[in-house]
Amino acid sequence: MRSAAELRSSWRSWLALAVLAGLSGGVVVAAAAGARRTDSALARHVVAYRFPDVSVGNSELFDRVRALPQVAATSESLSLAYVARDARGRPVLSLGPHAMKVEVSLDGRDGAALGRWKLLAGRRPHSQRRDEALVDSRAAKTLGVGPGGAIRLRVFSPEGVVNFGGNPDSMHAGRLVELRVVGVKAATDTVDDPGGVVRLTPAFYRAHSLDRYQGNTMSIRLEHGAADIPAFRREMERKFGSASFSSQRDETARVQRSIHLQVQALRLAAALGGMVVLMLLFQALLRLAAFASLEHPILRAVGMTRKQLFALGMARSGAIALAAAGLTGVVAAALSPLSPIGLARELEPDPGFAIDPLAVPLGSVAVLVALMLAGAVASWRAVRTQEEAAAPSPSSAAGHVPEALARWGLPATAVSGVRLALSGGRGAAAAPVAATLLGGIMAVAVAGTALTFSASLRHLFSTPRLYGQTWDYELDYTGLLDRTQIASSVRRDRAISDAALGAAAFPVRVRANGESREVSVRAMDDVKGAIPFVVIDGRAPAKDDEILVGAKTLAALGLRVGDAVNVRSTESARLRIVGRGVVAQGGSGNPATGAAMTFEGLRRVAPGVPEDCCLQLQLRFAHGADREATVARLERRLGYPAGLPPTVADFGGVQKLPLVLSALLAAVAAGALAHTLVQAVRRRRRDLAILKTLGFDRRQVLATVAWQATTFAVIGLLVGLPLGVAAGRWAWNLFAEQIGIVPEPVTPVALILLVVPGAVLLANLVAAVPGRMAARTRPALVLRAE
Numbered sequence: 000m001r002s003a004a005e006l007r008s009s010w011r012s013w014l015a016l017a018v019l020a021g022l023s024g025g026v027v028v029a030a031a032a033g034a035r036r037t038d039s040a041l042a043r044h045v046v047a048y049r050f051p052d053v054s055v056g057n058s059e060l061f062d063r064v065r066a067l068p069q070v071a072a073t074s075e076s077l078s079l080a081y082v083a084r085d086a087r088g089r090p091v092l093s094l095g096p097h098a099m100k101v102e103v104s105l106d107g108r109d110g111a112a113l114g115r116w117k118l119l120a121g122r123r124p125h126s127q128r129r130d131e132a133l134v135d136s137r138a139a140k141t142l143g144v145g146p147g148g149a150i151r152l153r154v155f156s157p158e159g160v161v162n163f164g165g166n167p168d169s170m171h172a173g174r175l176v177e178l179r180v181v182g183v184k185a186a187t188d189t190v191d192d193p194g195g196v197v198r199l200t201p202a203f204y205r206a207h208s209l210d211r212y213q214g215n216t217m218s219i220r221l222e223h224g225a226a227d228i229p230a231f232r233r234e235m236e237r238k239f240g241s242a243s244f245s246s247q248r249d250e251t252a253r254v255q256r257s258i259h260l261q262v263q264a265l266r267l268a269a270a271l272g273g274m275v276v277l278m279l280l281f282q283a284l285l286r287l288a289a290f291a292s293l294e295h296p297i298l299r300a301v302g303m304t305r306k307q308l309f310a311l312g313m314a315r316s317g318a319i320a321l322a323a324a325g326l327t328g329v330v331a332a333a334l335s336p337l338s339p340i341g342l343a344r345e346l347e348p349d350p351g352f353a354i355d356p357l358a359v360p361l362g363s364v365a366v367l368v369a370l371m372l373a374g375a376v377a378s379w380r381a382v383r384t385q386e387e388a389a390a391p392s393p394s395s396a397a398g399h400v401p402e403a404l405a406r407w408g409l410p411a412t413a414v415s416g417v418r419l420a421l422s423g424g425r426g427a428a429a430a431p432v433a434a435t436l437l438g439g440i441m442a443v444a445v446a447g448t449a450l451t452f453s454a455s456l457r458h459l460f461s462t463p464r465l466y467g468q469t470w471d472y473e474l475d476y477t478g479l480l481d482r483t484q485i486a487s488s489v490r491r492d493r494a495i496s497d498a499a500l501g502a503a504a505f506p507v508r509v510r511a512n513g514e515s516r517e518v519s520v521r522a523m524d525d526v527k528g529a530i531p532f533v534v535i536d537g538r539a540p541a542k543d544d545e546i547l548v549g550a551k552t553l554a555a556l557g558l559r560v561g562d563a564v565n566v567r568s569t570e571s572a573r574l575r576i577v578g579r580g581v582v583a584q585g586g587s588g589n590p591a592t593g594a595a596m597t598f599e600g601l602r603r604v605a606p607g608v609p610e611d612c613c614l615q616l617q618l619r620f621a622h623g624a625d626r627e628a629t630v631a632r633l634e635r636r637l638g639y640p641a642g643l644p645p646t647v648a649d650f651g652g653v654q655k656l657p658l659v660l661s662a663l664l665a666a667v668a669a670g671a672l673a674h675t676l677v678q679a680v681r682r683r684r685r686d687l688a689i690l691k692t693l694g695f696d697r698r699q700v701l702a703t704v705a706w707q708a709t710t711f712a713v714i715g716l717l718v719g720l721p722l723g724v725a726a727g728r729w730a731w732n733l734f735a736e737q738i739g740i741v742p743e744p745v746t747p748v749a750l751i752l753l754v755v756p757g758a759v760l761l762a763n764l765v766a767a768v769p770g771r772m773a774a775r776t777r778p779a780l781v782l783r784a785e
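So, in structure tokens, the structure goes:
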């Protein structure tokens, strides 16, 4: 009966708290479900679109491989040697930091029987039309085309590559073809071909009489999928003497690493948001229970026991928790179309609404249990407090701070508002001040953390040195150019201050302490000025028996600067580790897993590396040079400049996530503050009535409530902002260590300072409605019992 009476009188407050908990809980659960959906998108895409299990590149074995018992279906495609132009007129090649692949289906089964395409726009190309092409989303961006657009390619034989003199349109061996784009598909190969993939038809192959064996690949689907790979390997070794093939599982793992960072970010956001939301809602339940406890002495007088009063509080919490849990599931399902995020969003085979069968039910149950437990604690505290003979006395801050403000001449509204905010009150006017202040501090701290992390992320994108790039322009295709001519040309170019030539992403195997790791080495020789490596500890290698190693590789092998390590390619050499640093990587490499040495050092372990083939060109522009004009001139002749490494670029997909999390928690904190002020006004009616009796008018009562809200905001800012900035810098250092970059956090002082007026303004806006309620207090009715 008592519970029903409370519901009739307080349902609005209960409903407000349930809606606040359901909305915030739904967003947190949606983030957790989105992380699961993002993490599984690639695997589900591979299954849904019938990707091959293995690929074989030795064309001499194709007919014999088809006869193996494990083979269920095959498709054959040809990779073209080509040159194209992107949307800005820059050369696009099959190598380099923006490499693009052009493939021709030889049998028409690619994209149909195997590796079916997920179309994002347009249609499939007709197999009998030689001028139709399909591009993936990255190639569409690289070339600046969509359905209905045109592509011009200069196609040539492998022998024609050596005739490339730096001007793509002057290749005598090339054949200029024009293609019409009819569709755009999801991009699945983002590691080896960051510039995307263009798919051509069998009719194109027949029309241009291409060399069938210049670079073709056979894709294979096995009878029992990946489970047949061991048997397939044994059969290959028995019949052909070797098992040279690549598995789709390995290729998928490389792409999955790019997605994993975004998944980690979503999980972290869900965990952090869940903890803060729970704290804010707990102090709201604490206030609600404290307000209800005003009637406990009367209820005890008519015979209710402590257990019955506790059960009454649990019934209140249960009603709120049930409504919040139901709303949590609805909100999480409604937000499901926003996931997956990043690359996984494009790969998702079933976009749109999706109710995660694990995350949504568990999330709803977690909200129910968390609110019930919080309600149990709040009810127990309310019952215990009422049983105590005397209420706690006001804190020293509650007395001294208002007195100091009065001595400084602040208006009575400010003094009264600060006293109401800091004083817990006595008896019927008691309020959970500590919980309210803690909620505000946590909300401000999370905002400070998010702003610091976001600023550090923007600083990373604008500071290439942090991920190992100490040059302004890079080219991976210098094997097609004369080394001597390049060195002579850059020495004469006044716009270039520094230049280096060498090998990049050259694989070697590093062995120490019984462990072995394959490492990508960057080995450069300066030909003008100096382009240094990024060193965190120690120094850069200067001799052919020295090496700099990334932090993760050092940790994995149990090594330190100064140790010796065995490095092997075609030959083996003992090198001394002289430094720990960040080495810019191509492909899927992590900057903390690479290594650096001199070019002569690389020649010790790989004597077959010629000086005029497969080299890297790095340039740095002179101070005062026209950067845009120099880049445009180099791009017209050489190609793209370097870009962000995948481990850094892929994280950009969640660049806005910290700010979104801050906005969410700010909204929850604002709702919790509104609930606090409404409850405070209701509990402090006697104090407000006395103030009005002493002469306060409606405007002064409004100002008093506004000062109360401002006090909560100011304390939250004074304590929460330093904590948030410190937590943001700590989180960024952990993130930098994870992806292998130089840890250099940034504190956005201007944005942090803007939080101060923003928080005060938000608190005063929230205080407007409770202030009007307080201004309508009628002293005679409130004080009648006195």
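Read in order, the letters of the sequence shown correspond to residues 0 to 785 in numbering that gives the first Met the number 0.
Glycine included, every Cβ here is placed at the ideal spot set by N, Cα and C.
- Shown here, Lys-527 sits in a strand according to DSSP, grouped into three states.
- Contact between the region 118-137 and the region 218-231 is absent: fewer than 3 CB-CB pairs across the two stretches fall below 8 angstroms.
- In terms of Cβ geometry, Met-596 and Ala-522 form a close pair [threshold 7 angstroms].
- One thing to note: Ala-504 has its Cβ no nearer than 7 angstroms to the Cβ of Gly-723.
- Segment contact: the region 102-116 against the region 59-77, three or more CB-CB distances shorter than 8 angstroms; contact assigned.
- Spanning the alpha carbons of Ala-712 and Ala-420 requires a straight line of approximately 10 angstroms.
- Beta-carbon to beta-carbon, Leu-465 and Ile-740 are separated by about 5 angstroms, close enough to satisfy the 8 angstroms threshold.
- Excluding sequence positions up to five before and after Gly-374, its CB lies within less than 8 angstroms of the CB of Leu-284, Ala-288, Gly-312, Met-313, Arg-315, Ser-316, Gly-317, Ile-319, Ala-320, all in the same chain and listed in chain order.
- In this structure, Gln-468 lies near Ala-583, with their beta-carbon atoms less than 7 angstroms apart.
- Residue range 615-620 is occupied by the beta strand (DSSP E) that includes Phe-620, with no alpha helix (DSSP H) assigned at that position.
- Around the beta carbon of Ser-363, 16 or more other beta carbons lie within 10 angstroms, which makes this residue buried.
- Closest in alpha carbon position to Pro-348, among Phe-50, Gly-147, Gly-328, is Phe-50.
- Under the three-state reduction of DSSP, Gly-182 is assigned to strand.
- With three or more CB-CB distances shorter than 8 angstroms, the region 261-268 counts as touching the region 29-36.
- The criterion of a C-beta distance shorter than 7 angstroms is satisfied by Ser-335 and Phe-352.
- DSSP places Thr-597 in no beta strand (DSSP E); its state is neither H nor E.
- Going by DSSP, Ser-74 is part of the beta strand (DSSP E) stretching over 70-78.
- Among the bridge pairs identified by DSSP, Leu-474 is matched with Leu-616.
- Per DSSP, the beta bridge partners of Phe-505 are Val-520.
- Cβ neighbours of Arg-771 within its own chain (closer than 8 angstroms, five residues either side excluded): Leu-701.
- Between the alpha carbons of Arg-7 and Arg-1 lies a gap of roughly 10 angstroms.
- Per DSSP, the continuous beta strand (DSSP E) segment holding Phe-155 begins and ends at 149-155.
- One thing to note: Val-53 has its Cβ no nearer than 7 angstroms to the Cβ of Phe-281.
- The C-beta distance from Ala-498 to Lys-542 rounds to 21 angstroms, too long to meet the 8 angstroms contact threshold.
- Counting C-beta atoms within 10 angstroms of its own C-beta, Trp-10 has fewer than 16 neighbours from the protein chains shown and is therefore classed as exposed.
- Just so you know, the alpha carbons of Leu-152 and Gly-561 end up roughly 51 angstroms apart.
- Note on geometry: alpha-carbon atoms of Val-718 and Gly-408 lie some 26 angstroms from one another.
- Between Arg-286 and Lys-306, the alpha-carbon positions lie close to 20 angstroms from each other.
- Per DSSP, Glu-236 is not a residue of any beta strand (DSSP E); the alpha helix (DSSP H) it occupies stretches across 228-239.
- Between the C-alpha atoms of Ala-774 and Val-768 there is a straight-line separation of about 10 angstroms.
- Gly-148 sits away from Ala-86, with the two beta carbons spaced by 7 angstroms or more.
- Taking Val-196 as reference, the option from Ile-340, Ile-150, Leu-553 with the minimal CA-CA separation is Ile-150.
- Beta-bridge analysis with DSSP links Ala-563 to Arg-575.
- Assignment of alpha helix (DSSP H) within the region 108-149, counting only whole runs of 4 or more residues, yields 136-142 in chain order.
- Separation of Ala-511 and Arg-573 (C-alpha to C-alpha, rounded to the nearest whole angstrom) is 10 angstroms.
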